[in-house]
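Asks: Below you will find the structure I want to go over with you.
Numbering (the numbering used here), first residue to last: 120 to 200.
Structure (structure tokens):
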């Protein structure tokens with residue numbers, strides 16, 4: 120029982136981490152694209168890295184909650200069948 124819960128939690132964590140990394144990476148690329156469009160050069164400012172980290176944290180926490188809930192529903196559906 121605890122092994123199944125641990126597996127589902129790790130699965131939720133992995134999915135949340137993947138979604139957060141992809142979203143933060145896309146946001147960072149978009150910020151660099153706008154920087155290039157405005158200034159004509161690629162300058163990776165420290166603020167962009169902090170913004171990317173903040174985006175990663177927000178998306179990870181939201182996705183972790185969502186994925187954990189989905190995995191819990193999967194677990195309850197698996198035990199009822």
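Yeah, the Cβ is synthetic: ideal placement off N, Cα and C, and Gly gets one too. The structure displayed is predicted, hence computed values, not measured ones.
Check residue 163 in the structure and name its three-state DSSP category.
Replies: Taking the chain shown and counting its residues from 1, the one referred to as residue 163 is at position 44. Coil, per DSSP.
Asks: What's the gap between the Cα of residue 179 and the Cα of residue 138?
Replies: Residue numbering aside, residue 179 sits at position 60 when the chain shown is read from its first letter. Residue numbering aside, residue 138 sits at position 19 when the chain shown is read from its first letter. Near 7 Å, if we compare the C-alpha coordinates of residue 138 and residue 179.
Asks: How many angstroms separate the CA atom of residue 133 from the CA atom of residue 140?
Replies: What you label residue 133 is simply residue 14 of the chain shown in a count that begins at 1. What you label residue 140 is simply residue 21 of the chain shown in a count that begins at 1. Approximately 11 Å between the Cα atoms of the pair.
Asks: Are the CB atoms of residue 147 and residue 154 nearer to each other than 8 Å?
Replies: What you label residue 147 is simply residue 28 of the chain shown in a count that begins at 1. What you label residue 154 is simply residue 35 of the chain shown in a count that begins at 1. In this structure, residue 154 does not lie closer than 8 Å to residue 147 by Cβ.
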